[in-house]
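Below: one structure, written as structure tokens.
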Amino acid sequence: MLPLNATIIQITEESPLVRTFFFDYRFEDTVPGQFVMVWVRGVDEVPMGLSRNNSVTVQKVGEATSKLFELEEGDSFGLRGPFGKGFTLPSKGEKVLLIAGGVGAAPLSPYAEAASAAGAEVHTILGARSAGDLLFEGRFEALGKVYVSTDDGSKGIKGFVTDVLKGLDVAAYDRIAVCGPEIMMASVFRLLEERKVLEKAEFSLHRYFKCGIGVCGACCIDRSGLRVCKDGPVFSGVQLLGSEFGKYSRDASGRRVKI
């Protein structure tokens with residue numbers, strides 16, 4: 001698939017290191033949790049989750065994202081996709097818990113909106129380092145109950161999303177969707193496993209990609225051959241049992257590195 005040319009029509013600064021880039025193309029029939037490959041010309045092509053059907057929300061972490069932060073309205077980048085397996089949407093009347101850490105709130109926000117539109121009850125645990133790093137809090141609050149945690153205690157509970165989760169009756173939820181740093185998701189995974197509700201949960205993984213279509217194998221999460229770009233990025237909790245999830249990732253050479 002050749003990339004299409006996407007012109008930036010608006011840039012919103014969500015926090016000092018996170019921006020949302022709106023572009024002049026709307027993806028139709030996407031499933032929340034799917035990703036696109038963003039081609040930053042002259043630098044690299046990198047995977048990013050859609051925060052709306054015409055936007056990506058980007059954290060400045062490396063060469064490609066740093067270059068993207070130099071672009072202005074009217075500039076453009078390449079887009080391919082959407083790719084991968086997204087979250088399973090709930091049915092009317094179901095109760096859903098979303099657990100978002102940091103920029104993991106980006107792919108969960110359209111899921112929250114789709115779940116609410118389907119008639120589900122949506123609750124969210126939103127975590128970040130500090131109050132200024134909380135993403136899309138208003139979008140989640142417009143849809144249902146929001147629990148907030150910050151590492152420094154500047155808003156909500158001082159601590160992590162797991163500190164909030166421990167105080168909830170997770171068995172009361174029909175579905176649980178999780179996205180954020182893998183070390184955070186691994187802590188949530190263990191807690192849900194202890195509570196015996198892992199079969200209700202889905203986790204969105206972010207790993208190093210090359211092709212984005214399941215050919216190169218660079219994003220395999222373990223010896224089972226599960227590919228994040230094709231079989232994921234959203235996996236059920238049961239799929240991740242006994243895998244490298246939360247323990248190892250892979251670098252550009254395919255070498256395992258500890259998380």
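When you line the sequence shown up against UniProt numbering, it's residues 1 to 259, in that order.
Ideal Cβ placement from N, Cα and C applies to all residues, glycine included.
key: Sequence-distant residues of its chain with Cβ nearer than 7 Å to residue 76 (five each side left out)   = 5, 6, 7, 8
request  = Could you work out which residue in 94, 129, 135, 34 is closest to residue 123 when comparing CA atoms only?
outcome  = 94
request  = Could you check what DSSP says for residue 190 in three-state terms: helix, strand or coil?
outcome  = helix
task = Report the three-state DSSP secondary structure of residue 268 (helix, strand or coil).
result = This structure does not reach residue 268, given that the chain is present from 1 up to 259, and the question cannot be answered.
inquiry  = Assuming the contact rule is C-beta atoms closer than 8 Å, residue 88 and residue 53 should be a hit. Round their C-beta distance to whole Å, please.
reply    = Going by Cβ atoms, the distance from residue 88 to residue 53 rounds to 19 Å, so no, they are not a contact pair.
request  = Below 7 Å CB to CB, which residues in the same chain sit around residue 131 once its five sequence neighbours on both sides are set aside?
outcome  = 150, 154, 155
query = Three-state secondary structure (DSSP) at residue 233?
reply = strand
key: Test item: CB-CB of residue 178 and residue 142 under 8 Å   = no
ask   = Taking DSSP as the reference, what is the three-state secondary structure of residue 199?
value = helix
request  = Measure from the C-beta of residue 69 to each C-beta in chain B and report whether the shortest distance is under 8 Å.
outcome  = No chain B is present in this structure, which holds just one protein chain.
message = Taking a contact to mean a Cβ-Cβ separation below 8 Å, would you say residue 18 touches residue 146 in this structure?
response = no
ask   = CB residue 21 to CB residue 50, shorter than 8 Å?
value = no
request  = Sort out for me which residues DSSP pairs residue 165 with in a bridge.
outcome  = Residue 165 is not bridged to any residue.
task = Tell whether a beta-carbon distance below 8 Å holds between residue 108 and residue 98.
result = yes
request  = Identify, in the order they occur along the chain, each residue of the same chain with its Cβ nearer than 6 Å to the Cβ of residue 133, setting aside the five sequence neighbours on each side.
outcome  = 15
ask   = Across which residues does DSSP place residue 176 in a beta bridge pair?
value = 97, 201
ask   = Which runs of the beta strand (DSSP E) fall wholly inside the stretch 58 to 82 and span at least 3 residues, in chain order?
value = none
query = For residue 133, which of helix, strand or coil comes out of DSSP?
reply = helix
key: DSSP three-state assignment for residue 139, whether helix, strand or coil   = helix
inquiry  = Considering only their Cβ atoms, is the gap separating residue 127 from residue 161 smaller than 8 Å?
reply    = yes
key: Exposed unless 16 or more other CB atoms sit within 10 angstroms - verdict on residue 184   = buried
message = Please return the same chain residues whose Cβ sits closer than 7 Å to the Cβ of residue 82, not counting the five positions on each side in sequence.
response = 27, 30, 34, 35, 36, 50
query = Alpha carbon to alpha carbon, what distance is there between residue 105 and residue 44?
reply = 24 Å
message = Measuring straight from C-alpha to C-alpha, what distance separates residue 62 and residue 47?
response = 13 Å
message = At the level of alpha carbons, what is the spacing between residue 232 and residue 221?
response = 10 Å
inquiry  = Are the CB atoms of residue 92 and residue 118 within a distance shorter than 8 Å?
reply    = yes
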